[in-house]
Each structure stands twice: as C-alpha cells, then as structure tokens.
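The listed protein sequences correspond, in order, to chains H and Y. Using our numbering, read the first sequence as starting at 14 and increasing by one per residue. Using our numbering, read the second sequence as starting at 51 and increasing by one per residue. Where is the CB? At the ideal position from N, CA and C, for every residue including glycine. Model, not experiment: these values are computed from the prediction.
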Amino acid sequence: EPEVTQTPSHQVTQMGQEVILRCVPISNHLYFYWYRQILGQKVEFLVSFYNNEISEKSEIFDDQFSVERPDGSNFTLKIRSTKLEDSAMYFCASGGHEQYFGPGTRLTVT
Amino acid sequence: GIQVEQSPPDLILQEGANSTLRCNFSDSVNNLQWFHQNPWGQLINLFYIPSGTKQNGRLSATTVATERYSLLYISSSQTTDSGVYFCAVGKTSYDKVIFGPGTSLSVIP
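Next up, the structure:
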C-alpha cells in the first residue's frame, strides 16, 4: 500500500540553525500539506501546496518557513533560523479527498 | 474557523470493554477523518467519513453531518488500542483539516 514517507525521523539542531525536513508524498496525489504537533498538544496546520504553489498558510507559517517541491517526488519544509519553540513533531500529508499522513519528524531545538 | 470538540478527553477501559468517542464540529464539512496516534507518535488513518457509517473490524464510525457530529465505536478493546484518537475536519475535500484536541484512551489488561 502506498504511504507517505518522511526523513529524518528525528533531528536535533541548535537554535538559529537552518533545518530542512523532507517528505515523499504518495505518487498520484496532487495536494500536499505540513502540520506540526507540539508535545502534548493538538495537531496544527502549517501550509498547503498545490500546483507548485502555496494554496493556504496559517499564522504560524511566517517568513522563517518555506516549502518547496524541488522535483517530482520530494516535498520539503525549511525553517531558516530555528527557535526553541519550533521543537515539535512535523507531519507531512498528501491527499485528494482523504489526507494521508507520514510518520513525522521529531525536531528538537536546543 | 471551524471549531472541533472531542469527548471524553480521557478514557480508561478494561480490556474487552466497548467505548464510544464523540466529535462535534461547528460548521458544515465535506471532509471528516478519524486518526489513531500510537505511542510512537504516528497518525494512523482509521476512517474517512464525511457522512454515513463505516465499519472496519472492531471499529466503526458514524457521521451525522446535518447535526454536526461523528462517533467512533471501539468494541472488545485491546491494549493495542491505547493512544490518542483524533477527529479532523475540513470544509472541502482538498482543504486543510482542523484537528480536535483528541481523546486519550488507555486500555488496561
């Protein structure tokens, strides 16, 4: 069964460093999303992406964040200068009618 | 935006017991999904159910879209059912989904 994959599974970085989180969506899906979950809290929407452009973004998705689909398979989330409060589980999702979530990348900013 | 509530927030069950989890939402939706977050943090798709009833083994779900709620039934619970159950809704099929706060389920032997 096709699935969304994410790498790395866990990333530790120092405050102020740039990180890139990678996702491979399900191959015939056209809509892509990033969500995050701070420990113990609910899952929050960050950004949606369709037809090679952002279709919607939340207030969380400020100038420090960017997304890219550099080729036909990968979908990336970049955080330019990480802050302590960026520590969270980041989920990539892809879909059509139903969204399928990847296993997540746990980002720890120290 | 759409508000999503889930009840109960926490639930402890003896193995073998049945349970019903509820999701209320504040506006009409065309996407409703139930997820199970396992102890490793992974979100597992349980049901895509914007309306009607579906069953998958010991789990079933019903959404009454006109009354803006959905129910997830777990029968004959097992310890592997433990985790957090999230309901998530979207205005359209391709829109972002908004998650509820979850129901934390613990099934004890």
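Asked	Found
Please state the DSSP three-state secondary structure of Y/Asp131.	helix
Which of the three DSSP states, helix, strand or coil, is assigned to H/Glu16?	coil
Would you be able to state if there are at least three C-beta pairs under 8 Å between the segment 24 to 44 of chain H and the segment 101 to 117 of chain H?	yes
List the endpoints of the continuous beta strand (DSSP E) containing H/Arg119.	118 to 122
Could you tell me whether the Cβ of Y/Tyr135 comes closer than 7 Å to any Cβ of chain H?	no
In terms of alpha-carbon separation, which member of H/Arg119, H/Phe88, H/Glu57 lies closest to H/Tyr63?	H/Phe88
Which residues in the same chain as H/Ser126 place their Cβ atom closer than 7 Å to its Cβ, once the five residues preceding and following it in sequence are excluded?	Because chain H here runs from 14 to 123, residue 126 of chain H falls outside it and cannot be looked at.
Residue ranges of each alpha helix (DSSP H) run of no fewer than 4 residues wholly in the segment 43 to 86 of chain H, ordered along the chain?	none
Any Cβ of chain H within less than 7 Å of the Cβ of Y/Ser143?	yes
For Y/Gly102, report the span of its beta strand (DSSP E) as first-last.	102 to 106
Taking 7 Å as the CB-CB cut-off, is H/His110 touching chain Y?	yes
Would you decide whether Y/Pro100 is buried or exposed? Buried here means 16 or more other CB atoms lie within 10 Å of its CB.	buried
Which same chain residues end up closer than 7 Å to H/Tyr103 when comparing Cβ atoms and leaving out the 5 residues on each side of it in sequence?	Leu34, Trp47, Arg49, Leu90, Gly117, Thr118, Leu120
DSSP puts Y/Ile124 in a beta bridge; with which residues?	Y/Ser69, Y/Leu109
Between Y/Val147 and chain H, is the shortest Cβ-Cβ distance under 7 Å, so that the two count as touching?	yes
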